[in-house]
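**Q** Right, I'll just put the structure down here and ask away after.
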Amino acid sequence: MEAIKTYFNAEKAESLLFIGFGIFAIILSVYLYFFVKDSFWKGLAIPLVFFSLIQIIIGTTIFTRSPKDNLKVENILKYEPQKIQLEEIPRMEKVMKNFVLYRYFEIAMIFLGIILMYALSNYGFWKGFGLGLFIQCAVLLSLDFFAEKRGHFYIEHLQSINQKIQNNDK
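Residue numbers for the sequence shown follow the numbering used here, so the first one is 32 and each next one is one higher.
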């Protein structure tokens, strides 16, 4: 049970990072867009705002959902342990597949940001836009890296629990 609690507590803690980065990026974007008159900074502000809204939504969702998911998994283990194989492991397998899609998207956006910064370097707005895209997607990729790593440990733990349950049923 401790490994399950640790996983969901870490998810909740990382969700606060998502929210914190998102709030910081929105505040910075508002300042850059409305108070700094250079087009580079206006370009930078747009992807910062867009991806910060995503960060805040994801962070808030995970923060509110993690305690419920933790309780649900603990109750499954206490009262219906065979449901680990039917519910939690498939849920986590889907989560892990989604991380692969997120990673490809984030890497593509990082490359797009780099291309915009250098291919359109004479255009301040697009150079700033590319930098904003690069920064936000690099932050998302970094946070998702740790979340995915945690997910691998968690799913391995669930599979070992499931193996013990199956061995006890024999």
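The C-beta atom is built at its ideal place from N, Cα and C for all residues, glycine as well.
Owing to the predicted nature of the structure, the values given are computational and were not obtained by experimental measurement.
#1: Report yes if the C-beta distance between L189 and I107 is below 8 Å; otherwise report no.
#2: Can you round the beta-carbon distance between G161 and I146 to whole angstroms, since I take them to be within the 8 Å contact cut?
#3: Please classify E111: does DSSP put it in a helix, a strand, or coil?
#4: When the Cα of I93 is compared with those of K109, F130, L132, I50, which residue comes out closest?
#5: Assuming L84 and E137 make a contact with CB atoms under 8 Å, what is their CB distance in whole Å?
#6: Does the beta-carbon of A76 have 16 or more other beta-carbons within 10 angstroms, so that it is buried, or is it exposed?
#7: Compute the Euclidean distance between the alpha carbons of M32 and S191, then round it to the nearest angstrom.
#8: So, helix, strand or coil for N193, using DSSP?
#9: Using the Cβ count rule (16 or more neighbours within 10 Å means buried), how would you classify F176?
#10: With DSSP collapsed to three states, give me the class of S152.
#11: What span of residues does the alpha helix (DSSP H) with V61 cover, start to end?
#12: Answer with buried or exposed for A178, where buried requires no fewer than 16 other C-beta atoms within 10 angstroms of its C-beta.
#13: Within the same chain, show all residues whose beta-carbon is closer than 7 Å to that of W157, passing over the 5 residues directly before and after it, in chain order.
**A** With the structure as the only source:
#1: The count along the sequence shown starts at 1 and reaches residue 189 at position 158. The count along the sequence shown starts at 1 and reaches residue 107 at position 76. No.
#2: Your numbering for residue 161 matches position 130 in the sequence shown. Your numbering for residue 146 matches position 115 in the sequence shown. Right, their Cβ atoms sit about 7 Å apart.
#3: In the sequence shown, the residue the question calls residue 111 occupies position 80. The answer is coil: DSSP assigns E111 none of H, G, I, E or B.
#4: As a working note, residue 93 is residue 62 in the sequence shown. Selected option, being the one with the closest Cα: I50.
#5: One-based indexing of the sequence shown puts residue 84 at position 53. One-based indexing of the sequence shown puts residue 137 at position 106. Their Cβ separation, rounded to whole angstroms, is 16 Å, which puts L84 and E137 out of contact at 8 Å.
#6: As a first step, residue 76 must be located in the sequence shown, where it is residue number 45. Buried, since its Cβ has 16 or more Cβ neighbours within 10 Å.
#7: Taking the first residue of the sequence shown as position 1, residue 32 is located at position 1. Taking the first residue of the sequence shown as position 1, residue 191 is located at position 160. If I take the Cα positions, the gap works out to 13 Å.
#8: Here residue 193 refers to the residue found at position 162 when the sequence shown is read from its first residue. It is helical.
#9: One-based indexing of the sequence shown puts residue 176 at position 145. Result: exposed.
#10: For the purposes of this step, residue 152 is taken as the residue at position 121 of the sequence shown. Three-state DSSP puts S152 in coil, outside helix and strand.
#11: For the purposes of this step, residue 61 is taken as the residue at position 30 of the sequence shown. From DSSP, the alpha helix (DSSP H) with V61 extends over 33 to 66.
#12: For the purposes of this step, residue 178 is identified with residue 147 of the sequence shown, where counting begins at 1. By the neighbour-count definition (other C-beta atoms within 10 Å, threshold 16), A178 is a buried residue.
#13: In the sequence shown, counting from the first residue as 1, residue 157 sits at position 126. The answer, listed in chain order, is G74, L147, L151.
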